[in-house]
Amino acid sequence: MDRKVVINTAKAHDGWGWYVCAWVLFSRNPGMWIALALIYMVMILVLAMGVPFIGGVVTSLVSPALLGGMMFAAREVELGRKLELSCLFKAFTDDTKTAPMIILGAITLGMWMVISMAMAFFFVGIFFDVFSESGFDPKNIDPELLLQMVSSVPFFIGTFVILSLWMVGVMATFYSPALVMLRGMDPFAALITSFKAALKNWLPLLLVFFSISTALFIVAALPFFLGLILFFPIYFVATYCSYRTVFQ
C-alpha cells in the first residue's frame, strides 16, 4: 500500500489535455477499447435490470471493480503492454484487489443512499403543503402556490445543500477506483483522497473536464446514441489521464 500520496495541482487547460491524452491511448487499439467499454456497459445494464430486487445493489458493489479494471487497462496501454479483455476483470482475478474494491462499492452505495434519502426528504418536505392543498391530486395543484414555493429562500438553500452533497459524492468517487486499483489504497482513504484531489483541482476537473465531458456526451448521444460507443471508452481513459496528472 502506498501511504505517501502527493496531490498535484493541474492547470486549467489540463482538463482538455486529458482528452487529448485519452485519444492517444485510445487510438493504439480502438477496437479493443470499444469492446471493453461495451462489455462494461452491458454488464452494468444486465446486473441493474436483470437481477430482481437487488440488481441496483449488486451493480453498485461491482461497478468500482470494473472501473478499476478500465484504469488498469489504460495504464497497461500507456506502458506499451498488450490490451486484453481480461484487463477489465483484473480486480476480480487479483486476490489483493477484490475485497477492497467490493468494500469501496459498499461504502459508495451507502454514501449515495444517504444522499438520495436527503434529497427525498427535502423534496417531500418542500412540496408536501402544495400537494396537500390539492388533495394530492396533480390536476388540482395551485400554480401560484407552487411558484411561491420554488422561489422561496428555504427552497434555494435546500437545493444548494442537496447539490453540494451530490457534488461531494462525485468528487469522492471520481479517483477512488484508480487509487484502490493502482495504488493499493484503503477504500475509505481513497474516497477521502479523491475528494481532496478533486477539491484542489476544481478548475481543471470540475469546471473544464466535466464541462467538456457533458458537451461530448450530448453530441455523442445525438445520432441515436451510437456516438456513446466511442464516447465512453475515451471518457474512461481520460479519467485515467486525469488521475495520472494529479497523482503521479
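The opening residue of the sequence shown carries number 65 in my numbering; numbering runs sequentially from there.
In this text, a Cβ means the ideal position worked out from N, Cα and C, and glycines have one as well.
Note that this is a predicted model, so its numbers are computed, not measured.
Closest Cα partner of residue i within the set the options
i	options	result
G132	N72, F192, T223 and F153	F153
R92	C305, F296, K146 and D158	K146
F219	M183, F238 and D206	M183
F191	S180, G222 and C151	G222
L263	D206, I98, L149 and S228	S228
V69	V244, M231 and C151	V244
V178	V232, I293 and I256	V232
F238	A302, F185 and G291	A302
K161	I118, S306, G248 and T278	G248
V225	S180, E142 and L111	S180
L246	D158, V121 and G144	D158
Cβ-Cβ distance between residue i and residue j below 8 Å
i	j	result
M135	P251	no
I166	A138	no
F259	A284	no
F149	L109	Sequence inspection shows Leu at residue 149; the Phe mentioned does not correspond to that position. Not a contact, by the Cβ cut-off of 8 Å.
L89	L125	no
A76	L270	no
W97	P297	yes
F300	L280	no
C-alpha distance - residue i paired with residue j, whole-angstrom precision
i	j	result
E140	M105	21 Å
F41	A74	Since the first and last residues shown for the chain are 65 and 312, residue 41 lies out of range.
A254	S275	24 Å
D78	Y304	13 Å
P94	V217	50 Å
F156	S127	12 Å
R308	A261	12 Å
L102	C151	14 Å
S317	W80	With the chain represented from 65 up to 312, any question about residue 317 goes unanswered, as that position is not in the structure.
F187	L211	14 Å
C85	S306	9 Å
L290	I118	29 Å
G114	V234	26 Å
L292	L209	41 Å
M107	V121	14 Å
A170	I256	15 Å
D206	F185	22 Å
W230	M175	10 Å
M213	T123	36 Å
E142	G189	50 Å
S196	L286	40 Å
G144	P116	41 Å
W87	S215	44 Å
Interface flag, residue i vs chain C, CB-CB below 8 Å
i	result
M213	Included in the structure is just one protein chain, with no chain C present.
Buried versus exposed, by CB contacts within 10 Å (16 or more), residue i
i	result
A314	No information on residue 314 is available, as it lies outside the stretch 65 to 312 that the chain covers here.
V272	buried
F72	The sequence given here has Asn at residue 72, not Phe. The residue in question, N72, is exposed, as its Cβ has fewer than 16 Cβ neighbours within 10 Å.
I282	exposed
L111	buried
L168	buried
Open item on the list: I'd like the ranges of any alpha helix (DSSP H) spanning at least 4 consecutive residues and lying wholly in the region 270-295.
Closed with: 274-285
TODO: Note down, one range per segment and in chain order, each alpha helix (DSSP H) of at least 4 residues found wholly within the region 122-184.
DONE: 154-157
Task: Length at least 4, wholly inside the region 206-242: the alpha helix (DSSP H) runs in chain order - done: 207-214 and 217-238
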